[in-house]
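Data block below; observations after.
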Amino acid sequence: MHNRTNENNQSVTKRMFSRFMIFLAMLLLLISAGSTAVMAADGLEVHFLDVGQGDCTLIRQGDHAMLIDAGREEDKDTILNYLLNTEGITSLDYVVGTHPHEDHIGSLDSVIESLNVGEVLLPDVITTTRTFEQVLTAIDSKGLGITVPVPGTSYPLGDASFSVFAPVGDYGDDLNNWSIALKVTYGESDFLFTGDAEASAEQDIVSAGFDLSADVFQAGHHGSDTSNSNLMLDSVNPAFIVISCGSGNSYGHPNQEALDRFWNHGAKIFRTDAQGTIVASSDGTSISWSTEPSENWAPGGASFSVTTRTAGSSGNISYSGSDSSGTSGNDSYAGSDDSSGISGDDSPADNGQAASSEIQVHITETGSKYHSAGCQYLRSSDIIVTLDDAKARGLTPCSKCNPPQ
Ligand SMILES: [Zn+2]
Ligand SMILES: [Zn+2]
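So the sequence shown is numbered by this note's numbering: it starts at 3 and just counts up by one.
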């Protein structure tokens, strides 16, 4: 009797202990799963960082991450703060320097020094700048090598992957055309990046026969007219185009001609100069965005702030040199022969006279008129285009707000 009770007690204790252990194990599992869920990206995330006039794109899938370009040297704190603090990332599976220009690899050395990096991908071209040297030193001091990706090669990134398409030729000293181009694929969602590849390199990429189709295209060369050829846009056929460029940049990026091609291809645009950092998320089927597409179709690079010209602005700004009725008169950017409006950057018309291709007017999504800023008819939609553009679309001046003609 006595013995049996003891045995029973022992087996009860054992049973309870093993139950406790199972409970403990499940608890640990839950905690670790929970903490993973906080840190990891659901689906695929593509972060187009606002680094002024430069490129820096973070891609996350689950516990995996990669960085395409790392802005200028002066963007170091912005980039490291975003990666380490905002996103809580300490490891990057891949770091890609599309080509060795300062606005792409400026902070690459800091990224390599500050995070755990798996592979560094660079094109097979060198340059003699201090920036490039610093990148090589950082790679060396971390005991890393350089991977020169061969076009056609695919790399895994968690449940996503990316395929390299370029560079496909020898471009001598033309660093832009040496840009690594790659497409990130997650389920049915594709994101294409071509660095600063110019139209001739775009032609080579298209000729190489890769499937370039993508939902999202990061505009080539910050939206430069010298990239983003119709041939390329036809091949990619993007629904969305993200333009990484700096507000008031001296290159006029994005250029009007490129914007016109984006418009004509029916793409929606996002632009970091006007909207800051932009994040796209894909669940493998559809893509959602951290902000609405931009309605600002005006070229960059002018001296005025782009953000004051977005929809809903109070609109006391006139872009014409006409009698500018209803405007404050202090903000006229065209038609005057002084430099009050244009702060000396290299706008296409360098004689102080604005060409009609630079005069900006406002249109709506469906209306047949074009307007001055702040016109009452711009309440539901307010899209900024050049006067030339408005005329090319067959729009006529609004009789209420007296826009430039
Ligand atoms: Zn660039
Ligand atoms: Zn470049």
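Glycine included, each C-beta is placed from N, C-alpha and C at the ideal position.
- Taken from the Cβ of aspartate 71, every heavy atom of ligand 2 lies 7 Å or farther away.
- The C-beta separation of alanine 216 from aspartate 236 comes to about 12 Å, leaving the pair out of contact by the 8 Å criterion.
- For aspartate 275, the shortest separation between its Cβ and any heavy atom of ligand 1 does not lie below 7 Å.
- In terms of Cβ geometry, serine 226 and alanine 199 do not form a close pair [threshold 8 Å].
- Secondary structure at alanine 43: strand, using DSSP grouped into helix, strand and coil.
- Contact check for aspartate 52 and threonine 274: beta-carbon distance about 4 Å, within the 8 Å limit, so the pair qualifies.
- Leaving aside the five residues that flank alanine 162 on each side, the residues in its chain whose CB is nearer than 7 Å to its CB run, in chain order, Leu46, Gln63, Val186, Thr187, Tyr188.
- When the five nearest sequence neighbours on each side are left out, the beta carbons in the same chain lying within less than 6 Å of the beta carbon of asparagine 239 are those of Ser215, in order along the chain.
- Secondary structure note for glutamate 200: it is in no beta strand (DSSP E), with a DSSP letter that is neither H nor E.
- DSSP lists Met68, Glu121 as the bridge partner or partners of tyrosine 96.
- A straight-line Cα-Cα distance of about 50 Å links proline 158 and histidine 373.
- Of the candidates Gly56, Phe219, Val98, Val98 places its Cα closest to the Cα of valine 122.
- Phenylalanine 167 is bridged by DSSP to nothing; it lacks a bridge partner.
- One residue list follows from the rule of a beta carbon closer than 5 Å to any heavy atom of ligand 1, given in chain order as Asp105, Asp198.
- For histidine 101, the CB falls within less than 7 Å of some heavy atom of ligand 2.
- At least one heavy atom of ligand 2 sits closer than 7 Å to the Cβ of asparagine 178.
- Looking only at Gly54, Val48, Leu86, Ser109, the smallest Cα-Cα distance to aspartate 71 is reached by Ser109.
- By the criterion of a C-beta distance shorter than 6 Å, alanine 140 is surrounded in its chain by Asp111, Ile114, Glu115, once the five residues flanking it on both sides are discounted.
- Remark: C-beta atoms of threonine 196 and alanine 168 approach each other more closely than 8 Å.
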